[in-house]
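Worksheet: one structure, shown below.
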Amino acid sequence: MPARLFGRSTALAEALALLEPRPRLLAIWGLGGIGKTTLANAMLDALRARGEAVFRVSLSNAHDLDGFVHAVAHALGVPLRHPSPAEQRATLEGHLSRLRSATILLDAFESVQDAATPAVLGFSRAASRVGIVITTRRRLDAPEVRQYPLNPLSTEPAPGHLLSPAAMLFAQRARQVRPSSATDKSADDVQRIVERLAGIPLAIELAAARAAVLSVSQIRQRLDRDFALIDQAGALLGEQTVAAAIAWSWHLLPPFAQQVLARASIFNGPFDRAAAEAVCDLGGGRLAEAVESLVQLSLLVCESSAWAPGQAQYRLLDVVRSFAAGRLDAPARRESWARYVRHYLEGVDADDTGVTLDFRFRSLQFYGAHDGHYAAILRRGRAEGDSLTWLRALLRWSCAPQHNDAPRRLLQPLDEVIAAARAHDLADPALRRAVVAALLEKSRRADDVGEREGGGPALAEARALAEQSRDPLLRGLVEFTTGQREQMWGDTEAMRRHFDEALRLLGPDNPHNALPWLQMYRMLSAVRDEDWTTAAALGAGEMQRLAHVEAPYLDFTVALVRALAVYALGRHDELRVCLAAARDSAGRTGRHMSRAFTYGHLAVFEQAHNDFAQAEADIDICMQDLAPETPVWLMADAQYRRGVLLFEQQRYPEALEAHRLAAEAGATQKRARTAHLWVAIGHANLGDPAAARAALDAARKAPAPEGWETELRLVELLWQAVDPVGDRAAVRRALAEVAPRNPLHTTLMRVLERELA
């Protein structure tokens with residue numbers, strides 16, 4: 004059935020290559036229904052087209068060595084005249100040794116694998132010009148055997164195609180039973196179906212068969228609930244069901260491995276060895292043996308960890324997970340669930356109040372890898388009205404990169420869980436700490452989307468709860484968050500005041516990773532005071548310390564702040580080291596927002612050094628990483644920097660559009676006035692004095708940014724330089740008195756000098 008070869012061209016080529024040179028014994032192994040027989044038949048068709056003799060041996064009805072030998076003899080057309088098993092095997096080996104350029108397929112070998120493996124190895128040694136292909140659900144461990152583990156069909160679109168190979172298979176099979184099904188309008192539902200079925204061909208074909216009586220949307224809805232639909236289809240068609248295929252493998256497992264598989268059905272995503280030990284309640288040696296059995300039977304997928312390269316992680320396909328869950332009784336399910344919650348909310352990340360700091364200190368891939376677990380715990384905590392579990396899971400779930408970069412999306416669930424928690428007794432220290440952490444997170448998210456008024460009340464409520472508790476840790480975290488907030492909104496003095504209080508309350512040895520952030524504050528304060536030597540020294544110390552900690556979020560921030568200091572000191576070799584470190588660590592955060600922030604700053608440094616090609620490449624990466632839900636301050640800064648780069652390249656219409664977007668995005672941000680001035684400059688350059696005056700009026704109404712006076716002064720001078728009625732001589736005199744403090748100042752002065760020339 005060639006339709007089932009969607010997405011298998013690479014597998015076919017690889018498997019054929021593994022058969023050469025002869026003799027060669029190849030085992031294609033994988034879960035029942037994964038497509039092993041289909042791939043092996045395609046191999047034989049390809050070999051026969053080359054003129055090679057091929058033989059297919061079905062072993063589905065063979066159950067012992069005698070049945071195996073007779074099945075092979077029947078397929079080869081060899082009469083067995085001797086009753087002795089040894090003589091029968093010798094007869095077959097003699098026949099195989101005389102074959103020239105032939106391939107034999109031993110299909111469904113798992114039914115006789117233990118009994119017949121020595122015989123197969125003997126056949127392979129006797130036949131120098133014969134290839135033997137085995138399909139089996141169990142890995143065949145022997146030195147002579149070449150292994151080809153067969154994976155499910157890809158659910159990602161193939162190059163040059165709109166649909167994934169798995170979706171193509173579903174669409175083709177569905178149209179066979181009803182030509183009007185699986186149209187372009189149902190493409191999203193088809194994709195959801197094949198993802199739910201994990202790309203398993205048998206499951207996809209059984210689901211597609213239901214298109215005769217159900218719409219694609221109805222099939223998707225039924226599969227969202229459970230997998231009964233595909234088992235019903237198998238029964239109706241008289242074909243093997245996916246559940247039956249999994250059950251066959253289940254019965255091969257020893258009882259302790261069955262226990263591990265059943266308990267592992269609790270996991271809602273990939274898990275590591277520590278999580279398996281915590282949930283499955285089995286000693287290390289026995290657990291390793293169970294995991295090996297499950298992997299060999301393709302019931303458990305072993306792959307490289309998404310957040311800890313070089314370490315293994317495991318996962319269950321949804322169809323296997325559903326089957327295993329049905330083998331877990333209610334008491335074991337409750338116990339496993341309790342262990343699951345303890346591991347992910349306590350064993351992995353025990354402290355709720357530190358999460359919102361820790362996620363910036365810890366690799367975000369960590370939280371992304373555990374996203375499914377937090378989501379499952381969150382849903383159950385919410386359904387059961389367990390506000391503490393709900394809160395704790397939400398705090399961690401929100402740290403995953405895909406959620407962390409979407410602040411607006413998190414405001415509603417934060418509001419909902421905080422409201423539910425308020426209905427409980429907040430005298431409980433654990434619940435109070437979690438509520439304070441959630442309120443601080445809400446304040447940060449509201450600020451990220453430019454809703455200053457929304458973040459203020461949340462911060463005030465967190466402060467009140469912290470004060471009532473008299474807990475210096477909670478109070479310190481509130482002060483720290485307030486300092487971050489004031490820094491974002493440009494109130495330098497308030498920032499210093501709150502950070503100083505946070506340092507007093509938290510102390511240098513606090514367990515919440517606030518110290519690196521307070522060190523960052525000291526660096527920023529030194530930069531604002533133009534104490535470049537202190538800022539550079541602090542940065543060097545922090546970079547050296549962070550080199551021994553997995554903290555990419557802090558790495559790139561420290562590197563950028565240190566770069567500002569060494570730039571001002573003229574230490575250009577050191578500057579290159581800082582920029583390279585920032586570029587490297589930003590890529591390791593797994594967070595688009597972090598990359599956008601970093602590459603936007605890198606572009607400024609490259610532009611200051613007249614490397615416009617690299618600056619444009621960096622700003623392009625920055626813009627690509629921006630998403631519709633990117634915090635407004637980052638959106639405004641990115642467009643602003645892009646506009647400056649385009650303006651210096653004399654691409655005035657593009658520069659004007661970038662600065663217009665920056666002015667709109669940053670209406671309440673620190674660069675609002677300078678962005679409006681740039682808009683005025685752009686209109687003046689393009690000969691639209693009325694629009695220029697309107698933008699100038701908007702600039703005058705915007706608040707003056709504290710700590711950005713030099714930049715604002717340079718942009719004001721640039722406006723005067725392009726203004727037809729401006730006093731250019733006065734601009735020259737004023738420019739001579741300005742000392743550049745950072746690479747952006749250097750660029751602005753260069754642009755000004757060009758305009759004056």
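Quick note: the sequence shown uses the working numbering, first residue 4, plus one each step.
Even glycine gets a Cβ: it sits at the ideal position worked out from N, Cα and C.
Contact between residue 137 and residue 31 holds, with the beta-carbon distance rounding to 7 Å and staying under 8 Å. Residue 586 and residue 536 have their alpha carbons spaced roughly 23 Å apart.
Residue range 535 to 549 is occupied by the alpha helix (DSSP H) that includes residue 537. Counting only the Cα atoms, residue 612 lies some 52 Å from residue 196. Residue burial is scored here from C-beta neighbours: residue 186 has fewer than 16 other C-beta atoms within 10 angstroms and is therefore classed as exposed.
Within 10 angstroms of the beta-carbon of residue 165 lie fewer than 16 other beta-carbons, which makes it exposed. Fewer than three beta-carbon pairs drawn from the segment 175 to 182 and the segment 139 to 151 are found closer than 8 Å, and the two stretches are therefore not classed as touching. In the structure shown, residue 65 adopts coil according to DSSP, grouped into three states. Residue 645 places its beta carbon 7 Å or farther from that of residue 668.
Sorting 140, 154, 71 and 680 by C-alpha distance to the C-alpha of residue 121 places 71 at the top. Nearest Cα to residue 289 within the set 94, 306 and 257: 257.
By the C-beta density criterion, residue 273 is buried, having at least 16 other C-beta atoms within 10 angstroms. The residues 359, 398, 401, 413 and 417, in chain order, have a CB closer than 8 Å to that of residue 444 in the same chain once the five nearest residues on each side in sequence are set aside. In the pairwise beta carbon analysis, the segment 213 to 229 is classified as not touching the segment 105 to 123: fewer than three pairs are separated by under 8 Å.
The Cβ-Cβ distance between residue 268 and residue 223 does not fall below 7 Å.
Under a 10 Å Cβ-count criterion, residue 43 is classified as buried, with 16 or more other Cβ atoms of the shown protein chains found around its own Cβ. Residue environment for residue 139: buried (at least 16 other C-beta atoms within 10 angstroms of its C-beta). In this structure, DSSP gives residue 314 a state outside helix and strand, which the three-state scheme calls coil. Where residue 335 is concerned, the enclosing alpha helix (DSSP H) starts and stops at 333 to 345. Check the Cα spacing between residue 283 and each of 628, 261, 295 and 298: the tightest is with 261. For residue 590, the enclosing alpha helix (DSSP H) begins and ends at 575 to 591. Contact between residue 734 and residue 723 holds: their C-beta atoms lie close to 5 Å from each other, under 8 Å.
With a cutoff of 7 Å on beta-carbon distance, residue 541 and residue 525 are scored as near each other.
Residue 641 is a Cβ neighbour of residue 603, given a cutoff of 7 Å. Between the alpha carbons of residue 212 and residue 180 lies a distance of about 7 Å.
DSSP places residue 216 in the coil class of the three-state scheme, outside both helix and strand.
Distance check between residue 115 and each of 94, 158, 167 and 60 places 60 closest, using alpha-carbon atoms only. In the pairwise beta carbon analysis, the segment 419 to 432 is classified as touching the segment 387 to 397: at least three pairs are separated by under 8 Å. Residue 266 counts as buried, since at least 16 other C-beta atoms from the protein chains shown sit within 10 angstroms of its C-beta. Within a 10 Å sphere around the beta-carbon of residue 704 sit fewer than 16 other beta-carbons, which makes this residue exposed. Counting C-beta atoms within 10 angstroms of its own C-beta, residue 689 has fewer than 16 neighbours from the protein chains shown and is therefore classed as exposed. The alpha-carbon of residue 527 is positioned some 27 Å away from that of residue 721. Taking residue 481 as the centre and dropping the five residues before and after it, the same chain places the C-beta of 465, 466 and 469 closer than 6 Å to its C-beta, in chain order. When only Cα atoms are considered, residue 436 and residue 477 end up about 7 Å apart. For residue 522, the CB contacts under 7 Å within the same chain, skipping 5 residues up- and downstream, are 541 and 545 in chain order. Spatial neighbours of residue 118 in its own chain (CB-CB distance under 6 Å, excluding positions within 5 residues in sequence) are listed in chain order as 67 and 68.
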